[in-house]
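Colleague:
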Ligand code: SAM
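Residue numbers (my numbering): 725 to 1012.
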């Protein structure tokens, strides 16, 4: 890493819009995010997109180690200069979408002002790495936060709401106006915390069945459960049997089911030996 002389002369590169570079310029928000993470001195933090280091500096003061991955090589150079010599920082140049989250130390805390363009697939990636991650504090576009936190029956309730609650306990921490960033984005933001569930729902096979059921159910959200699954090419006789076993009316729509009911359905699928299982689908099909 370059020495202090380089640090004092480092000039940040101009923001690159296509990488979602809206940098946090309100130090209060950075402090509130770090407080929401309830860091202990021995914690390891994973920061996605450190940018110009608005959060990174604080994190390095509060945690034992900060593993940060930034896709923009120019920003990596800049950060290496301004945070030169900070022993807590392990800075990687790379894409968070391919970063080996399953190799993070157990109990890692994730903190990020998430690049909006990849927020949903990135969230799914992080949620799936639940055996490594103890909790997350994520700055998200306000609309994405609303979808995560939506209750059954509401317009925003969907795959993201159900899957977030399947893996974790999401809670809204606070709202963040667009004026806290430079350049100022077109949208407001919200910080959401996710605490890993103490009662993991199932193993990898069960996770897969659960995710397929939910995605199939919401694929045609104005239709009944039966019709949505049928449109997705699932065997109606098996699905009727499974709904009956789970005690769920086939005329209901996905948006009326809470996570416990989807869990009951996934359990019914698991015990229905005659059911060949939903057709294989790409893991990321409903994550865009
Ligand atoms: N954390 C900084 C802050 O709060 O000011 C920057 C946040 S900015 C919204 C998002 C950051 O993520 C940018 O620095 C951008 O270059 C980076 N980024 C975008 N896509 C990324 C990806 N796929 N993997 C890693 N970093 C990414």
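Beta carbons are placed, not taken as given, at the ideal position from N, Cα and C, and that holds for glycine.
Since the structure is predicted, the reported quantities are computational estimates derived from the model, not experimental observations.
Please list the segments of the alpha helix (DSSP H) lying wholly inside the segment 752 to 832, counting only runs of 4 or more residues, in order along the chain.
Modeller: The segment 752 to 832 contains these whole alpha helix (DSSP H) runs: 780 to 786 and 797 to 806.
Colleague: For residue 972, which residues from the same chain have a beta carbon less than 8 Å from its beta carbon, with the 5 sequence-adjacent residues on both sides left out?
Modeller: Working through the chain shown from its first residue, we reach residue 972 at position 248. These residues qualify, in order along the chain: 949, 981, 985, 988 and 989.
Colleague: What are the start and end residues of each continuous beta strand (DSSP E) run of 3 or more residues lying completely inside the segment 836 to 881, in chain order?
Modeller: Entirely contained in the segment 836 to 881, the beta strand (DSSP E) runs reaching 3 residues are, in chain order, 857 to 865.
Colleague: Between the Cα of residue 784 and the Cα atoms of 798, 815, 794 and 795, which residue gives the shortest distance?
Modeller: One-based indexing of the chain shown puts residue 784 at position 60. Nearest option by C-alpha distance: 815.
Colleague: For residue 894, count the other beta carbons within 10 Å of its own beta carbon; 16 or more makes it buried, fewer makes it exposed. Which is it?
Modeller: Within the chain shown, residue 894 is the residue found at index 170, counting from 1. With 16 or more Cβ atoms within 10 Å of its Cβ, residue 894 is classed as buried.
Colleague: Say the cut is 7 Å; is the CB of residue 888 nearer than that to a heavy atom of the ligand MG?
Modeller: In terms of ligand content, the structure shown lacks the ligand MG and carries the ligand SAM instead.
Colleague: Please identify the residue among 812, 902 and 845 whose C-alpha is closest to the C-alpha of residue 915.
Modeller: Position 191 of the chain shown, counted from the first residue, corresponds to residue 915. That would be 902, whose Cα lies nearest to the Cα of residue 915.
Colleague: Excluding the five sequence neighbours on either side, which residues of its own chain have a C-beta within less than 7 Å of the C-beta of residue 817, listed in chain order?
Modeller: If you number the chain shown from 1, residue 817 lands on position 93. The answer, listed in chain order, is 794, 797 and 800.
Colleague: Got a sec, what are the start and stop residues for the alpha helix (DSSP H) residue 993 sits in?
Modeller: Stepping through the chain shown from its first residue, residue 993 is reached at position 269. 983 to 995 is the extent of the alpha helix (DSSP H) around residue 993.
Colleague: Mark residue 892 as exposed unless 16 or more other C-beta atoms lie within 10 angstroms of its C-beta, in which case mark it buried.
Modeller: Numbered from 1 along the chain shown, position 168 holds the residue referred to as residue 892. Under this definition residue 892 is a buried residue.
Colleague: For residue 948, which beta-bridge partners are listed by DSSP?
Modeller: Position 224 of the chain shown holds residue 948. The partner list for residue 948 (beta bridge, DSSP) reads 977.
Colleague: Return yes when the C-beta of residue 860 is under 7 Å from any heavy atom of the ligand SAM, and no when it is not.
Modeller: As a working mapping, residue 860 is identified with position 136 in the chain shown. Answer for residue 860: no, Cβ out of range of the ligand SAM.
Colleague: Report the residue ranges of all alpha helix (DSSP H) runs contained in full by the segment 879 to 928; include only those spanning at least 4 residues, in chain order.
Modeller: Counting whole runs of 4 or more residues, the segment 879 to 928 contains the alpha helix (DSSP H) stretches 883 to 891.
Colleague: With a threshold of 7 Å, establish whether the CB of residue 857 neighbours any heavy atom of the ligand SAM.
Modeller: Within the chain shown, the letter at position 133 stands for residue 857. Every heavy atom of the ligand SAM is 7 Å or more from the Cβ of residue 857, so no.
Colleague: Could you check whether the Cβ of residue 907 sits closer than 7 Å to any heavy atom belonging to the ligand SAM?
Modeller: As a first step, residue 907 is located in the chain shown; it is residue number 183 there, counting from the start. False, no ligand heavy atom lies under 7 Å from that Cβ.
Colleague: Taking 8 Å as the threshold (C-beta atoms), are residue 781 and residue 821 in contact?
Modeller: The residue given as residue 821 occupies position 97 in the chain shown. The residue given as residue 781 occupies position 57 in the chain shown. Not a contact, by the Cβ cut-off of 8 Å.
Colleague: Go through its chain and collect everything with a Cβ distance to residue 1005's Cβ below 6 Å, but skip five positions before and after it.
Modeller: Along the chain shown, read from residue 1 onward, the residue named residue 1005 stands at position 281. The predicted position of residue 1005 is uncertain, since its pLDDT is 48 and thus under 50; a value taken from the coordinates is nonetheless stated next. Counting only Cβ-Cβ distances below 6 Å, and skipping sequence neighbours, we find nothing.
Colleague: Evaluate contact between the segment 831 to 839 and the segment 770 to 781, counting only Cβ atoms and requiring at least three cross-stretch pairs below 8 Å.
Modeller: Enough Cβ pairs lie closer than 8 Å, so yes.
Colleague: Should the segment 869 to 884 be regarded as contacting the segment 921 to 929, the criterion being three or more beta carbon pairs within less than 8 Å?
Modeller: They do not touch, by the three-pair rule.
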